[in-house]
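Engineer: I am attaching a structure below and will ask some questions about it afterwards.
Protein chains: 2
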Amino acid sequence: MARLGTSVEEPVRQRLLSAATRLFAEKGFESTSVQEIVAAAGVTKGAMYHYFDSKDDLLQEIYGRVLRMQMDRLQRFADGEGTVAERLHAAAADVINTTVDNLDDSKIFFRSNHQLAPDTRKIVRAERRRYHERFRDLVIEGQQEGVFRDDVPAEMVVDFFFGSVHHLGTWYHPDGPLTGGEVGRYFADLLLRSLTPAS
Amino acid sequence: MARLGTSVEEPVRQRLLSAATRLFAEKGFESTSVQEIVAAAGVTKGAMYHYFDSKDDLLQEIYGRVLRMQMDRLQRFADGEGTVAERLHAAAADVINTTVDNLDDSKIFFRSNHQLAPDTRKIVRAERRRYHERFRDLVIEGQQEGVFRDDVPAEMVVDFFFGSVHHLGTWYHPDGPLTGGEVGRYFADLLLRSLTPAS
DNA sequence: TCGTCTTGACCGACCAGTCGGTATGCTGGT
DNA sequence: ACCAGCATACCGACTGGTCGGTCAAGACGA
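Chains as they are written, first to last, in the UniProt record's numbering: chain A, 1 to 199; chain B, 1 to 199.
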């Protein structure tokens with residue numbers, strides 16, 4: 001069933017994931033009941049528990065999706081062509097863009113950490129650390145080349161920048177005056193300038 | 001009651017507020033039951049509902065406290081002495097310091113917005129906007145004087161910086177290697193440098 | 001005795017998750 | 001061509017338990 005191109009309807013599993021993402025982002029994980037999720041997806045509880053082990057399982061699925069996407073995109077830009085400054089700028093602007101394009105995912109990702117099962121939380125944290133380290137290595141690379149100032153630890157720079165990314169879910173509205181690309185360019189500019197050595 | 005310096009024990013109201021703050025920060029508002037709060041404060045539910053209207057009332061009280069403190073401190077630095085660059089640097093470093101010193105408050109403040117009653121949320125948002133605007137005005141002042149670069153909107157700079165503040169609750173640990181003062185200095189440096197005009 | 005403070009049993013609502021059952025359709029033996 | 005056997009997909013009433021909040025009654029200082 002559901003042969004390519006023949007089915008207009010999303011499969012049930014996907015509908016559940018979409019509904020859960022929207023609701024978790026809007027009202028938070030704890031304030032969303034399973035009943036609401038299945039109602040939004042147009043199925044019953046039984047169907048949900050057929051596809052997922054638990055409500056937490058839905059959340060884990062969302063985390064996995066976000067982690068995979070973030071890492072993929074960072075790799076692509078960090079290992080790309082150009083000077084280290086160009087690569088850092090491109091990677092930074094892309095993170096903002098991706099975050100803005102998947103705002104619901106990002107809201108959940110940054111706000112629901114403490115709802116994860118301890119084991120899952122450990123995995124997420126480890127994955128997240130690898131991600132930050134890849135970003136940090138770009139900064140260190142620039143510092144060693146002498147094109148970035150090195151009187152602030154690279155870790156600090158990364159935490160500084162990712163704060164801004166994290167924060168996007170709080171203030172950015174897709175129907176506001178700014179596109180994701182614009183915010184991405186501004187923020188990447190600010191990051192690069194804060195790294196410009198004194199002349 | 002509770003005359004200054006005479007009572008060794010914190011009054012019940014204060015104990016409840018402290019316990020709620022600690023628990024909300026640790027496990028989140030929705031995952032903390034009233035039962036746990038009153039147990040941690042060493043009183044019963046009845047006592048709590050004598051001092052507070054509801055669980056939400058506790059949260060509102062915490063928000064009010066944070067809002068008042070933030071605004072007070074910003075005013076003091078923004079209206080202080082020195083060049084605009086010095087004042088912005090001092091204000092920025094102070095926000096970080098205050099956030100780190102009251103990490104539980106900050107975690108709650110930045111994570112529990114969507115649990116607020118709609119009316120309260122409106123008030124909090126308005127107060128928060130006034131706060132951001134005061135900060136933004138400092139940036140604009142520097143841009144008009146020509147000591148800050150003005151090719152990035154001041155609002156963007158403020159959102160960029162407060163993201164980093166917001167984010168502190170996620171990664172900063174009081175018993176880690178960095179003091180709040182150090183983080184404050186680093187972040188304020190990064191902010192000021194990102195505003196340095198091309199020479 | 002009056003008002004403030006505190007108690008703890010209790011309430012109805014709601015929650016995540018379970019379970020017995022049904023419908024559908026594929027598979028392979030005849 | 002047929003049917004028995006079985007797996008997948010789904011249903012929705014139900015359960016055990018927790019939740020925020022209430023209330024009548026007591027404790028106690030003024």
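For each residue, glycine too, the CB sits at the ideal point set by N, CA and C.
Considering only their Cβ atoms, is the gap separating arginine 65/B from aspartate 94/B smaller than 8 Å?
Structural biologist: No. Outside cutoff.
Engineer: Would you mind listing the alpha helix (DSSP H) stretches within the stretch 119-197 of chain B that are 4+ residues and don't spill past its ends, in chain order?
Structural biologist: For the stretch 119-197 of chain B, whole alpha helix (DSSP H) runs of length 4 or above, ordered along the chain, are 154-171 and 180-194.
Engineer: By the three-class DSSP mapping on this structure, what secondary structure does asparagine 97/B have?
Structural biologist: Three-state DSSP puts asparagine 97/B in a helix.
Engineer: Closer than 7 Å by beta-carbon distance: list the chain A residues that pair up with lysine 27/B, in chain order.
Structural biologist: What lysine 27/B touches in chain A: His114.
Engineer: Terminal residues of the continuous alpha helix (DSSP H) containing glutamate 26/A?
Structural biologist: Element bounds for glutamate 26/A: 12-27.
Engineer: Which residues bound the alpha helix (DSSP H) around leucine 74/B?
Structural biologist: Unbroken alpha helix (DSSP H) run through leucine 74/B: 55-78.
Engineer: Taking alanine 40/A as part of the alpha helix (DSSP H), name the residues at either end of that continuous run.
Structural biologist: Segment 34-41, the alpha helix (DSSP H) holding alanine 40/A.
Engineer: In whole angstroms, what separates the C-alpha of alanine 85/B from that of arginine 134/B?
Structural biologist: Each residue's Cα considered, the two are about 15 Å apart.
Engineer: Just the C-alpha distance for threonine 32/A and glycine 80/B, rounded to the nearest angstrom, thanks.
Structural biologist: Looking at the two C-alpha atoms, the distance is approximately 46 Å.
Engineer: From the DSSP output, in three-state form, read off serine 31/A for me.
Structural biologist: Serine 31/A: coil per DSSP, three-state reduction.
Engineer: Label serine 7/A either buried or exposed according to how many other C-beta atoms from any shown protein chain fall within 10 Å of its C-beta, with 16 as the threshold for buried.
Structural biologist: Unreliable positioning characterises serine 7/A in this predicted model, as indicated by a pLDDT of 37, which lies under 50. The coordinate reading is nonetheless provided below. Counting Cβ neighbours within 10 Å, serine 7/A comes out exposed, since fewer than 16 surround it.
Engineer: Can you name the residues of chain A whose CB is closer than 7 Å to the CB of valine 100/B?
Structural biologist: Ordered by position in chain A, no residue passes the 7 Å Cβ test against valine 100/B, which lies about 13 Å from the chain.
Engineer: For the alpha helix (DSSP H) that contains histidine 50/B, what are its first and last residues?
Structural biologist: Note, histidine 50/B: alpha helix (DSSP H), 45-51.
Engineer: What residues from chain A crowd round glutamate 30/B, counting only those whose CB sits closer than 7 Å?
Structural biologist: The contacting residues are Gly28, Glu30 and Ser31.
Engineer: May I ask you to report which of helix, strand or coil DSSP gives alanine 90/B?
Structural biologist: Helix.
Engineer: Which residue comes first and which comes last in the alpha helix (DSSP H) that contains leucine 103/A?
Structural biologist: Element bounds for leucine 103/A: 103-111.
Engineer: In or out: methionine 48/B buried (at least 16 other Cβ within 10 Å) or exposed?
Structural biologist: Methionine 48/B is buried by the Cβ-count criterion.
Engineer: Using the Cα positions of aspartate 159/B and histidine 167/A, report the straight-line distance between them to the nearest angstrom.
Structural biologist: Rounded to whole angstroms, aspartate 159/B to histidine 167/A spans 8 Å at the Cα level.
Engineer: Is the shortest distance between the beta-carbon of tyrosine 186/B and the beta-carbons of chain A less than 8 Å?
Structural biologist: At least one chain A Cβ lies under 8 Å of tyrosine 186/B.
Engineer: Can you confirm whether serine 194/B, when its beta carbon is compared against all beta carbons of chain A, has any partner nearer than 8 Å?
Structural biologist: Serine 194/B counts as touching chain A.
Engineer: Contact criterion: CB-CB distance below 8 Å. Does leucine 4/B meet it with respect to chain A?
Structural biologist: Residue confidence for leucine 4/B is low, a pLDDT of 31 falling below 50, so the modelled location carries little weight and cannot support an answer.
Engineer: Keeping to the same chain, check which residues put their C-beta closer than 7 Å to that of arginine 87/A; ignore five residues upstream and five downstream.
Structural biologist: Phe77, Ala78, Gly80 and Leu138, listed in sequence order.
Engineer: By a C-beta neighbour count over all protein chains shown, 10 Å radius and 16 as the cutoff for buried, is glycine 184/B buried or exposed?
Structural biologist: Per the 10 Å Cβ criterion, buried.
Engineer: In the stretch 157-171 of chain B, which residues sit with their C-beta less than 9 Å from some C-beta in chain A, listed in chain order?
Structural biologist: From the stretch 157-171 of chain B, only Val157, Asp159, Phe160, Phe161, Phe162, Gly163, Ser164, Val165, His166, His167, Leu168, Thr170 and Trp171 have a Cβ closer than 9 Å to chain A.
Engineer: For chain A, check one thing: does any of its Cβ atoms lie closer than 8 Å to the Cβ of aspartate 189/B?
Structural biologist: Chain A contact via Cβ: present.
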